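If you're matching positions, the sequence shown starts at 798 in this note's numbering and goes up one per residue. Read through the structure below, which is laid out as C-alpha coordinates, and then see the notes.
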Amino acid sequence: NQHKHFKTVFEKQELPEDPTLYVVAPTRTDPTKAPTGSDNIKILPHIPPLREGSNITHEDYVALKERCLDKMERCGIKGLRESIVVEDLLTPVDIEKMYRSNRGSIYGVVTDWKRNYGFKAPKTSSKYKNLYFTGGSTNPGGGMPMVILSGQKCADRIIARHPLS
(Lines of atoms letter the chains of each structure in order from A; the text may use other names.)
(Lines give C-alpha, C1' and ligand atoms only; values in the text may rest on other atoms or scores of the structure.)
Protein backbone atom coordinates (compact mmCIF):
# COMPACT_ATOMS: atom_id res chain seq x y z
CA ASN A 798 0.00 0.00 0.00
CA GLN A 799 2.00 2.93 -1.34
CA HIS A 800 -0.26 5.59 0.22
CA LYS A 801 0.12 4.04 3.69
CA HIS A 802 3.89 3.70 3.20
CA PHE A 803 4.42 7.35 2.28
CA LYS A 804 2.11 8.51 5.07
CA THR A 805 4.17 6.47 7.57
CA VAL A 806 7.51 7.81 6.33
CA PHE A 807 6.77 11.41 5.41
CA GLU A 808 3.80 12.41 7.59
CA LYS A 809 4.21 10.29 10.71
CA GLN A 810 8.02 10.38 10.37
CA GLU A 811 8.31 6.69 11.30
CA LEU A 812 10.30 3.79 9.91
CA PRO A 813 8.11 1.57 7.71
CA GLU A 814 7.18 -1.99 8.65
CA ASP A 815 7.22 -3.06 4.98
CA PRO A 816 9.82 -0.76 3.39
CA THR A 817 9.91 0.29 -0.24
CA LEU A 818 13.43 -0.48 -1.46
CA TYR A 819 15.71 1.03 -4.06
CA VAL A 820 18.35 -1.60 -4.86
CA VAL A 821 21.59 -0.90 -6.73
CA ALA A 822 23.96 -3.65 -7.90
CA PRO A 823 26.85 -1.87 -9.68
CA THR A 824 28.68 -5.16 -10.34
CA ARG A 825 25.99 -6.02 -12.90
CA THR A 826 27.42 -3.37 -15.22
CA ASP A 827 30.96 -3.12 -13.80
CA PRO A 828 32.28 -6.45 -12.44
CA THR A 829 35.38 -4.71 -11.03
CA LYS A 830 33.26 -3.24 -8.20
CA ALA A 831 33.57 -6.53 -6.22
CA PRO A 832 35.82 -9.61 -6.15
CA THR A 833 35.18 -12.17 -8.91
CA GLY A 834 31.99 -14.12 -8.26
CA SER A 835 30.70 -11.57 -5.75
CA ASP A 836 28.26 -8.67 -5.84
CA ASN A 837 28.25 -5.22 -4.33
CA ILE A 838 24.66 -4.37 -3.41
CA LYS A 839 23.30 -1.14 -1.96
CA ILE A 840 19.80 -1.26 -0.45
CA LEU A 841 18.12 2.08 0.17
CA PRO A 842 14.75 2.10 1.95
CA HIS A 843 12.57 5.20 2.11
CA ILE A 844 13.04 6.63 5.60
CA PRO A 845 12.26 9.98 7.18
CA PRO A 846 14.96 12.63 7.57
CA LEU A 847 16.19 13.48 11.07
CA ARG A 848 13.97 15.71 13.14
CA GLU A 849 14.04 17.11 16.66
CA GLY A 850 12.20 14.96 19.14
CA SER A 851 12.38 11.81 17.02
CA ASN A 852 12.28 8.57 18.99
CA ILE A 853 14.03 6.55 16.25
CA THR A 854 17.08 4.80 17.75
CA HIS A 855 20.07 3.05 16.21
CA GLU A 856 18.43 -0.24 17.20
CA ASP A 857 15.34 0.79 15.19
CA TYR A 858 17.54 1.25 12.10
CA VAL A 859 19.12 -2.18 12.71
CA ALA A 860 15.62 -3.70 12.90
CA LEU A 861 14.71 -1.91 9.64
CA LYS A 862 17.82 -3.41 8.02
CA GLU A 863 16.56 -6.86 9.01
CA ARG A 864 13.14 -6.09 7.50
CA CYS A 865 14.88 -5.00 4.29
CA LEU A 866 16.83 -8.26 4.12
CA ASP A 867 13.62 -10.20 4.84
CA LYS A 868 11.92 -8.42 1.94
CA MET A 869 14.84 -9.07 -0.43
CA GLU A 870 14.69 -12.78 0.43
CA ARG A 871 10.88 -12.83 0.00
CA CYS A 872 11.39 -11.27 -3.42
CA GLY A 873 13.61 -14.17 -4.50
CA ILE A 874 17.16 -13.42 -3.37
CA LYS A 875 17.59 -16.60 -1.35
CA GLY A 876 20.47 -16.93 1.13
CA LEU A 877 21.24 -13.21 1.08
CA ARG A 878 22.15 -12.97 4.77
CA GLU A 879 24.49 -15.96 4.61
CA SER A 880 26.24 -14.43 1.58
CA ILE A 881 27.12 -11.12 3.23
CA VAL A 882 30.88 -10.77 3.70
CA VAL A 883 31.04 -7.05 4.53
CA GLU A 884 28.19 -4.70 5.37
CA ASP A 885 27.77 -1.06 6.28
CA LEU A 886 24.67 0.41 7.86
CA LEU A 887 24.44 4.15 7.35
CA THR A 888 21.67 5.93 9.21
CA PRO A 889 20.61 9.56 8.70
CA VAL A 890 22.77 10.39 11.73
CA ASP A 891 25.83 8.93 9.95
CA ILE A 892 24.99 10.62 6.65
CA GLU A 893 24.56 14.00 8.32
CA LYS A 894 27.94 13.64 10.08
CA MET A 895 29.84 12.24 7.08
CA TYR A 896 28.42 14.45 4.32
CA ARG A 897 26.88 17.37 6.21
CA SER A 898 23.65 16.50 4.45
CA ASN A 899 20.62 18.43 5.68
CA ARG A 900 18.90 16.28 8.34
CA GLY A 901 20.77 13.19 7.08
CA SER A 902 18.73 13.02 3.90
CA ILE A 903 20.34 11.72 0.70
CA TYR A 904 17.55 13.00 -1.55
CA GLY A 905 16.83 16.33 0.10
CA VAL A 906 14.24 16.86 2.79
CA VAL A 907 10.55 16.65 2.01
CA THR A 908 9.22 19.89 0.65
CA ASP A 909 6.44 21.88 2.24
CA TRP A 910 3.48 21.06 0.01
CA LYS A 911 1.40 23.95 1.35
CA ARG A 912 4.03 26.53 0.46
CA ASN A 913 5.51 25.22 -2.80
CA TYR A 914 3.12 22.50 -4.03
CA GLY A 915 5.84 19.84 -3.85
CA PHE A 916 8.43 21.58 -6.00
CA LYS A 917 12.07 21.63 -4.93
CA ALA A 918 13.71 24.82 -3.66
CA PRO A 919 14.57 27.41 -6.33
CA LYS A 920 18.06 27.45 -7.87
CA THR A 921 18.60 31.16 -7.26
CA SER A 922 17.79 33.58 -4.49
CA SER A 923 14.94 36.01 -5.05
CA LYS A 924 16.63 38.41 -2.62
CA TYR A 925 20.32 38.30 -3.64
CA LYS A 926 21.20 38.47 -7.35
CA ASN A 927 24.42 36.44 -7.10
CA LEU A 928 23.30 33.73 -4.65
CA TYR A 929 22.83 30.28 -6.21
CA PHE A 930 21.62 27.03 -4.66
CA THR A 931 22.64 23.51 -5.56
CA GLY A 932 22.29 20.08 -3.99
CA GLY A 933 19.76 17.44 -3.07
CA SER A 934 17.01 19.81 -1.94
CA THR A 935 17.04 21.85 -5.16
CA ASN A 936 15.83 20.98 -8.64
CA PRO A 937 16.54 18.52 -10.32
CA GLY A 938 16.68 16.63 -7.02
CA GLY A 939 18.70 14.29 -4.86
CA GLY A 940 20.95 11.34 -5.32
CA MET A 941 24.54 11.66 -6.53
CA PRO A 942 23.78 11.96 -10.29
CA MET A 943 21.14 14.65 -9.73
CA VAL A 944 23.30 16.57 -7.24
CA ILE A 945 26.19 16.61 -9.74
CA LEU A 946 23.79 17.72 -12.48
CA SER A 947 22.49 20.43 -10.13
CA GLY A 948 26.06 21.68 -9.60
CA GLN A 949 26.78 21.64 -13.33
CA LYS A 950 23.58 23.57 -14.08
CA CYS A 951 24.48 26.10 -11.40
CA ALA A 952 27.98 26.53 -12.85
CA ASP A 953 26.53 26.95 -16.37
CA ARG A 954 24.14 29.64 -15.10
CA ILE A 955 26.97 31.54 -13.35
CA ILE A 956 29.21 31.34 -16.44
CA ALA A 957 26.37 32.54 -18.69
CA ARG A 958 25.59 35.43 -16.34
CA HIS A 959 29.24 36.39 -15.74
CA PRO A 960 31.35 35.55 -18.84
CA LEU A 961 35.12 35.91 -18.48
CA SER A 962 35.59 37.87 -21.71
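All C-beta atoms, glycine included, are put in the ideal place defined by N, C-alpha and C. Note that the structure is predicted; figures quoted are calculated from it, not measured.
With 16 other Cβ atoms within 10 Å as the buried cut-off, status of residue i
i      : result
Pro816 : buried
Ser898 : buried
Leu847 : buried
Terminal residues of the beta strand (DSSP E) in which residue i lies
i      : result
Val883 : Unbroken run through Val883: none, as it is neither H nor E.
Same chain, Cβ closer than 7 Å to residue i, five either side skipped, listed in chain order
i      : result
Pro823 : Lys830 and Asn837
Nearest-angstrom Cα separation, counted from residue j out to residue i
i      : j      : result
Pro819 : Lys868 : For the record, residue 819 in the displayed sequence is Tyr; it is not Pro. Approximately 12 Å between the Cα atoms of the pair.
Arg871 : Leu946 : 35 Å
Asn927 : Val944 : 20 Å
His855 : Tyr896 : 18 Å
Thr921 : Phe930 : 6 Å
Arg864 : Ala957 : 49 Å
Gly901 : Thr833 : 33 Å
Range covered by the alpha helix (DSSP H) that runs through residue i
i      : result
Tyr819 : No alpha helix (DSSP H) contains Tyr819, which is instead part of the beta strand (DSSP E) from Leu818 to Val821.
Ile838 : Here Ile838 belongs to no alpha helix (DSSP H), and DSSP marks it neither H nor E.
His959 : Run containing His959: none; DSSP gives neither H nor E here.
Tyr858 : His855 to Arg871
Cβ-based neighbour list, residue i, same chain, cut-off 6 Å, excluding 5 preceding and 5 following
i      : result
Lys839 : Val821
Leu841 : Tyr819
Cys951 : Tyr929 and Thr931
Same chain, Cβ closer than 8 Å to residue i, five either side skipped, listed in chain order
i      : result
Leu963 : One cannot answer for residue 963 here, as it falls past the ends of the chain, which runs 798 to 962.
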